[in-house]
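**Q** Protein chains in written order, with the numbering used here: chain A, 826 to 1036; chain B, 826 to 1036. A virtual CB, placed ideally from N, CA and C, is assigned to each residue, including glycine. These numbers were taken from a predicted model, which means no experiment stands behind them. Pasting a structure here, questions to come.
In structure tokens:
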């Protein structure tokens, strides 16, 4: 991927019960790329959206009025379970993911991509403690159990919560160069784990999911 | 500190231009302690508050109507500079920090505590790249240049941005036990740096601050 000189619109997709760090770890890393990146927050309905932890984020725009998205950020969280049967969410993803330059899910965000059929024929990963919940969404996905994140063409999927930060820095490296990504990590005083195969949490595989 | 069995109110103080991960790294760690922890978001005026990176968080309550706070979370960010001359903010901190069980600033949040005189006679740290901005707020503070975070009685101050997550996990360990803190870190697939003296970003001291 060559360095990109045009502004890119990053759409962060919100829903009730999203996990705070799934969203804000990546937004911290991308947020300091202005004016090369413009962030917009999107939900089925505009307005305040409650995280699983409680604090509310403002969704600036609804699905109907959302402009073209170059980059898509799809966080996970316990709210994902409800969204698996939300046709508005699944339709929005089916509509927008194929036209985006890159889609990047964190944690259980990949459950939604799988449910929408967008990971069929691709390699992907997800949260380790609830991994069976991912695999149950589609048997047409090559699910990778041991990975901090997985890249397959235009779709990046990360492991749980914190893993999103490492993956987003890798995406920044691919878009803007590794020096820029390292500058952002250092400025945030973040110890970036650069190896997608370094997954210290694989040992918790399916620890919290019921059979 | 003995394990606490009563619910504690954590007040997250927002202002225009706060840094996303300063706020949401800690809220991720504390947010999964419900019902032992109740999080409320506070600002000078209730309503949407823009982060430095753009996305807006809802402040549920204003300074005037804020209940007693057991725990105070004070993020940093480029917006801190403006708040250094905001008497409403400094007065709120002078009023509430002495009555809180614990106050925990991240990054440049400690500039505000120092400006309010709340760190005088204490040890404290701050963001490494802009450290002189911290020391300029008070010469009555023992500023610690090399530290991931510093604990001095009821006030914890962390280094920049990501350091807040490591410090908040340490606070959770002190309040609820180390096993609970490690559970939260593992569930978030976060590699917790438990040593407050392990500061890999000390080498960037004052790199970005003008003389």
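Closest by CA to residue 979(A), which one among 921(A), 1018(A), 1016(A), 970(A)?
**A** To locate residue 979(A), count along the first chain from 1; it is residue 154. Of the candidates 921(A), 1018(A), 1016(A), 970(A), the one whose C-alpha sits nearest the C-alpha of residue 979(A) is 921(A).
**Q** Tell me the DSSP bridge mates of residue 924(B)?
**A** Along the second chain, one-based indexing puts residue 924(B) at 99. For residue 924(B), which the question treats as bridged, DSSP gives no partner whatsoever.
**Q** Could you tell me whether the Cβ atoms of residue 989(A) and residue 850(A) are closer together than 9 Å?
**A** In the first chain, residue 989(A) corresponds to position 164, counting from 1. In the first chain, residue 850(A) corresponds to position 25, counting from 1. Against a cut-off of 9 Å, the Cβ pair of residue 850(A) and residue 989(A) comes out as a contact.
**Q** Using a beta-carbon distance below 9 Å, is residue 953(A) in contact with chain B?
**A** One-based indexing of the first chain puts residue 953(A) at position 128. By this cut-off, residue 953(A) is an interface position.
**Q** What's the gap between the Cα of residue 853(B) and the Cα of residue 845(A)?
**A** For this step, residue 853(B) is matched to residue 28 along the second chain. For this step, residue 845(A) is matched to residue 20 along the first chain. Going by the C-alpha atoms only, they are around 6 Å apart.
**Q** Name the residues in the region 900-920 of chain A whose C-beta lies less than 9 Å from a C-beta of chain B; which are they?
**A** From the region 900-920 of chain A, no residue has a Cβ closer than 9 Å to chain B.
**Q** Take residue 940(A) and list the residues in its own chain whose beta-carbon comes closer than 6 Å to its own, dropping the five residues that flank it on each side.
**A** One-based indexing of the first chain puts residue 940(A) at position 115. Same-chain partners within the cutoff: 909, 962.
**Q** If I follow the unbroken beta strand (DSSP E) through residue 847(A), where does it start and stop?
**A** Counting from 1 along the first chain, the entry for residue 847(A) is found at position 22. Segment 845-856 is the alpha helix (DSSP H) holding residue 847(A); no beta strand (DSSP E) there.
**Q** Measure the alpha-carbon distance for residue 1034(A) versus residue 914(A) and round it to whole angstroms.
**A** In the first chain, the residue the question calls residue 1034(A) occupies position 209. In the first chain, the residue the question calls residue 914(A) occupies position 89. If you take the alpha carbons of residue 1034(A) and residue 914(A), they lie about 24 Å apart.
**Q** Along chain A, in chain order, which residues have C-beta atoms closer than 8 Å to that of residue 1026(B)?
**A** Counted from its first residue, the second chain places residue 1026(B) at position 201. Ordered by position in chain A, the residues that pass the 8 Å Cβ test against residue 1026(B) are 1011, 1014.
**Q** Quick check: what's the CA-CA separation for residue 1012(B) versus residue 1020(B)?
**A** What you label residue 1012(B) is simply residue 187 of the second chain in a count that begins at 1. What you label residue 1020(B) is simply residue 195 of the second chain in a count that begins at 1. The straight-line gap from Cα to Cα measures roughly 20 Å.
**Q** With 9 Å as the threshold, decide whether the Cβ of residue 845(A) is near any Cβ in chain B.
**A** As a working note, residue 845(A) is residue 20 in the first chain. Chain B, which has a Cβ nearer than 9 Å to the Cβ of residue 845(A), makes this yes.
**Q** Does the beta-carbon distance from residue 847(A) to residue 900(A) come in below 9 Å?
**A** Residue 847(A) sits at position 22 when you count from the first residue of the first chain. Residue 900(A) sits at position 75 when you count from the first residue of the first chain. Yes, the Cβ-Cβ distance between residue 847(A) and residue 900(A) is below 9 Å.
**Q** Using a beta-carbon distance below 9 Å, is residue 985(A) in contact with chain B?
**A** Counting from one through the first chain, the residue named residue 985(A) turns up at place 160. Cβ-Cβ to chain B under 9 Å: yes for residue 985(A).
**Q** How many angstroms separate the CA atom of residue 869(B) from the CA atom of residue 905(B)?
**A** As a working note, residue 869(B) is residue 44 in the second chain. As a working note, residue 905(B) is residue 80 in the second chain. One C-alpha to the other measures close to 14 Å.
**Q** Kindly indicate which residue of 885(A), 864(A), 865(A), 862(A) has the alpha-carbon position closest to the one of residue 873(A).
**A** By one-based count along the first chain, residue 873(A) stands at place 48. Nearest option by C-alpha distance: 885(A).
**Q** Quick check on residue 850(B) - is its C-beta less than 9 Å from some C-beta in chain A?
**A** Within the second chain, numbered from 1, the residue matching residue 850(B) stands at position 25. Cβ-Cβ to chain A under 9 Å: yes for residue 850(B).
**Q** Helix or strand or just coil, what does DSSP make of residue 936(B)?
**A** Within the second chain, residue 936(B) is the residue found at index 111, counting from 1. Three-state DSSP puts residue 936(B) in a helix.
**Q** Tell me whether the beta-carbon of residue 916(B) lies closer than 9 Å to the beta-carbon of residue 933(B).
**A** Along the second chain, one-based indexing puts residue 916(B) at 91. Along the second chain, one-based indexing puts residue 933(B) at 108. No.
**Q** Buried or exposed: where does residue 857(B) fall if 16 or more other Cβ atoms within 10 Å of its Cβ makes it buried?
**A** Translated into positions along the second chain, residue 857(B) becomes position 32. Result: buried.
**Q** Whose C-beta lies closer than 6 Å to the C-beta of residue 975(A) among residues of the same chain, with five residues either side of it excluded?
**A** To locate residue 975(A), count along the first chain from 1; it is residue 150. Answer for residue 975(A): 948, 949, 950, 969, 982, listed in chain order.
**Q** What are the boundary residues of the alpha helix (DSSP H) that residue 977(A) is part of?
**A** Position 152 of the first chain, counting from 1, holds the residue named residue 977(A). Run containing residue 977(A): none in the alpha helix (DSSP H); it sits in the beta strand (DSSP E), 974-977.
**Q** Quick one: measure Cβ to Cβ for residue 879(A) and residue 842(A), integer angstroms, because I've assumed they're closer than 8 Å.
**A** Looking up residue 879(A) in the first chain gives position 54. Looking up residue 842(A) in the first chain gives position 17. Contact doesn't hold; Cβ gap of about 10 Å is too wide.
**Q** Give me the chain B residues within the contact set of residue 892(A), using Cβ-Cβ distance strictly less than 9 Å, ordered along the chain.
**A** Along the first chain, read from residue 1 onward, the residue named residue 892(A) stands at position 67. Those do not exist, as residue 892(A) stays about 15 Å from chain B at its closest Cβ, beyond 9 Å.
**Q** Taking the beta strand (DSSP E) that residue 873(A) belongs to, which residues open and close that run?
**A** Counting from one through the first chain, the residue named residue 873(A) turns up at place 48. Looking at the DSSP string, the run of the beta strand (DSSP E) that includes residue 873(A) is 872-875.
**Q** Mark residue 924(A) as exposed unless 16 or more other C-beta atoms lie within 10 angstroms of its C-beta, in which case mark it buried.
**A** The sequence position of residue 924(A) within the first chain is 99, counting from 1. With fewer than 16 Cβ atoms within 10 Å of its Cβ, residue 924(A) is classed as exposed.
**Q** Taking 6 Å as the limit between beta carbons, can you name the residues of its chain near residue 965(B), skipping five residues before and five after?
**A** In the second chain, the residue the question calls residue 965(B) occupies position 140. Hits under 6 Å: 945.
**Q** Just to confirm my understanding: we take residue 860(A), look at its own chain, exclude 5 residues before and 5 after, and list those with CB closer than 8 Å. What are they?
**A** Here the question's residue 860(A) lines up with position 35 in the first chain. Within the same chain, residue 860(A) has close Cβ partners 832.
**Q** Candidates 958(A), 1006(A), 865(A): which alpha carbon is nearest residue 998(A)'s?
**A** Here residue 998(A) is taken as the residue at index 173 of the first chain, counted from 1. Checking every option, the nearest Cα to that of residue 998(A) belongs to 1006(A).
**Q** For chain B, is any of its Cβ atoms less than 9 Å away from the one on residue 980(A)?
**A** By one-based count along the first chain, residue 980(A) stands at place 155. Closer than 9 Å: no.
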